[in-house]
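Residue numbers (this note's numbering): 164 to 639.
Here a beta-carbon is modelled for each residue, glycine too, at the ideal position from N, C-alpha and C.
Comments concern the structure below.
Written as structure tokens, this is what we have:
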């Protein structure tokens with residue numbers, strides 16, 4: 164498993180290779196100093212998850228090139244990342260001056276540029292595990308090019324590495340942006356041969372991981388864009404044998420501006436394509452989390468206030484770092500305290516789920532309309548305006564899924580079908596007995612409609628108290 168401290172190093176590295184605003188002027192050193200000032204000013208405003216200070220040293224400016232070191236100091240450490248107070252992440256930065264940086268010319272690029280830079284991670288107490296994992300090679304190297312118009316491009320080369328139970332082959336990522344790392348940022352990348360060792364006899368492998376992302380900031384810092392991350396040719400292995408295969412697992416993100424409003428819509432979708440167990444094709448699935456009418460400024464304020472409060476808690480109670488249960492309780496309390504900030508825009512949360520095979524599709528959807536507690540007139544629930552939950556299970560599709568699972572366990576076709584029929588028949592009978600489902604037109608359905616003080620369950624209206632009483636009897 165990757166050491167927690169490695170996460171801190173990667174976060175720090177992102178700050179360095181993303182620093183397109185270093186070179187807003189014609190002089191390198193003033194640009195570096197401005198970038199540092201902006202970073203540290205953001206720290207004072209509480210915009211960083213950890214108390215980090217950015218600085219540079221040993222600036223050596225020549226005619227054709229300059230060299231300096233950039234360092235990020237974790238002033239109070241990062242207990243949850245196993246980073247001690249005062250530990251640093253340091254980068255060696257070599258800059259070739261424009262208008263024709265030599266490295267760019269050597270690669271056949273004759274387009275004039277403001278500067279080109281090579282950034283390398285320095286091996287020290289904090290970063291040493293990364294070098295060990297990469298077999299004493301530099302774990303990451305970044306090459307940056309800054310154009311006169313403010314755009315920049317970065318190539319990040321990742322060395323093959325093994326972090327305990329997690330390993331991967333070589334990788335490369337490219338970043339292209341206009342003006343700064345947060346404006347019109349285009350990311351493409353690939354890492355090969357990923358292995359996660361779950362236990363001595365069990366592991367998950369993926370032939371490759373790819374990412375393709377395009378994002379931009381609109382006025383007032385509204386983030387919009389889309390990205391797609393994909394694991395390809397996944398194998399689940401037990402005792403040296405393939406137990407299951409997945410063609411691709413995809414994570415998609417889309418952020419859109421709400422027309423005529425200062426809000427955004429967020430769509431996170433996870434797709435699993437072609438799950439195979441044994442020699443049986445079990446189907447494909449999709450799960451989404453859709454959040455509509457999210458206020459980005461409220462999200463930023465939530466993060467800032469949450470981070471400040473958490474830093475104060477860790478400073479006042481250092482023992483929290485070693486008490487996971489207590490830390491979770493503090494997290495939950497702070498989340499609840501600042502949640503009303505996110506509720507002011509009264510967002511809607513949707514969670515559709517579907518699974519399909521050769522005979523059809525199973526689907527479910529949860530739809531929650533959030534209330535602003537300050538505006539709510541409800542005496543029973545000031546957090547939710549309404550909640551709708553729907554499930555539709557075509558019986559032939561459910562039975563086919565059960566049959567395929569039975570076949571994957573080695574049953575013959577006739578026995579697998581009979582067992583599937585019996586399994587699904589028993590489940591449906593139990594569901595009807597507890598009045599959890601209705602069956603119509605060969606489809607099992609569940610429907611819940613909720614507004615404060617009122618519930619309709621499978622078409623039957625009742626009070627909240629009646630519904631909770633019925634649910635309580637079922638649970639017990």
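Could you tell me the alpha carbon to alpha carbon distance between residue 553 and residue 526, rounded to whole angstroms? 8 Å
Does the pairing of the region 420-429 with the region 390-399 give three or more beta-carbon distances under 8 Å? no
What is the C-beta distance between residue 231 and residue 219, in whole angstroms, given that I count them as a contact (C-beta under 8 Å)? 5 Å
If contact is defined by three or more beta carbon pairs under 8 Å, each pair taking one atom from either stretch, is the region 474-482 in contact with the region 437-448? no
Going by the CB atoms, is the gap between residue 555 and residue 606 shorter than 8 Å? yes
In three-state terms, what does DSSP make of residue 458? coil
Within 10 Å of its beta-carbon, does residue 487 have 16 or more other beta-carbons around it, so buried, or fewer, so exposed? Counting Cβ neighbours within 10 Å, residue 487 comes out exposed, since fewer than 16 surround it.
Per-residue DSSP class, three states only, for residue 522: coil
Kindly give me the distance between the Cβ atoms of residue 492 and residue 522, rounded to whole angstroms, as I take these residues to be in contact under 8 Å. Contact doesn't hold; Cβ gap of about 47 Å is too wide.
Buried or exposed (CB count within 10 angstroms, at least 16 for buried), residue 592: exposed
Spatial distance of residue 357 from residue 399 (CA atoms): 12 Å
Are there any heavy atoms of the ligand SAM lying less than 7 Å away from the beta-carbon of residue 486, as far as the coordinates show? The ligand SAM is not part of the structure shown, which contains no ligands of any sort.
Kindly indicate which three-state DSSP category residue 189 falls into: helix, strand or coil? Note that residue 189 has pLDDT 42, beneath the 50 cutoff, so the model's placement of it is unreliable and the number below is only indicative. In the structure shown, residue 189 sits in coil (DSSP, three-state: anything other than H, G, I, E or B).
Inter-residue spacing [alpha-carbon to alpha-carbon] between residue 451 and residue 510: 16 Å
Can you check whether the CB of residue 281 is closer than 8 Å to the CB of residue 317? no
Do residue 497 and residue 461 count as a contact pair if the criterion is CB distance below 8 Å? no
Mind checking whether residue 397 and residue 354 have CB atoms under 8 Å apart? No.
Going by C-alpha to C-alpha distance, which of 407, 324, 590, 279 sits closest to residue 298? 324
State the Cα-Cα distance for the pair residue 381 and residue 469, rounded to the nearest angstrom. When rounded, the distance between both Cα atoms is 25 Å.
Taking DSSP as the reference, what is the three-state secondary structure of residue 181? Summary for residue 181: the model assigns pLDDT 42, below 50, so the residue's position carries little reliability; its value from the coordinates is reported in the next sentence. DSSP, read as helix, strand or coil, puts residue 181 in coil.
Report the rounded CA-to-CA distance for residue 294 versus residue 545, giving the unit in angstroms. 52 Å
Check the C-beta distance from residue 506 over to residue 459 and give it rounded, since I have them as a contact under 8 Å. At roughly 15 Å, the Cβ-Cβ gap does not stay under 8 Å, so residue 506 and residue 459 are not in contact.
Quick check: what's the CA-CA separation for residue 362 versus residue 611? 41 Å
Backbone CA spacing between residue 619 and residue 613 [nearest angstrom]: 7 Å
Can you tell me which of 192, 247, 236, 198 puts its alpha carbon nearest to the alpha carbon of residue 481? 247
Please report how far the alpha carbon of residue 370 lies from the alpha carbon of residue 329, in whole angstroms. Residue 370 and residue 329: Cα-Cα distance of roughly 14 Å.
CA-to-CA distance, residue 296 to residue 640, given in whole angstroms: Lying before the first or after the last residue shown, residue 640 is absent from the chain, which here runs from 164 to 639.
Span of the beta strand (DSSP E), counted from its first residue to its last, around residue 354: Residues 348-362.
Report the rounded CA-to-CA distance for residue 291 versus residue 284, giving the unit in angstroms. 10 Å
Just verifying my parser: in three-state terms, what is the DSSP assignment at residue 512? strand
Please work out which residues of its chain come closer than 7 Å, Cβ to Cβ, to residue 631, disregarding the five sequence neighbours upstream and downstream, and give them in chain order. none
Closest Cα partner of residue 364 within the set 251, 403, 571: 403
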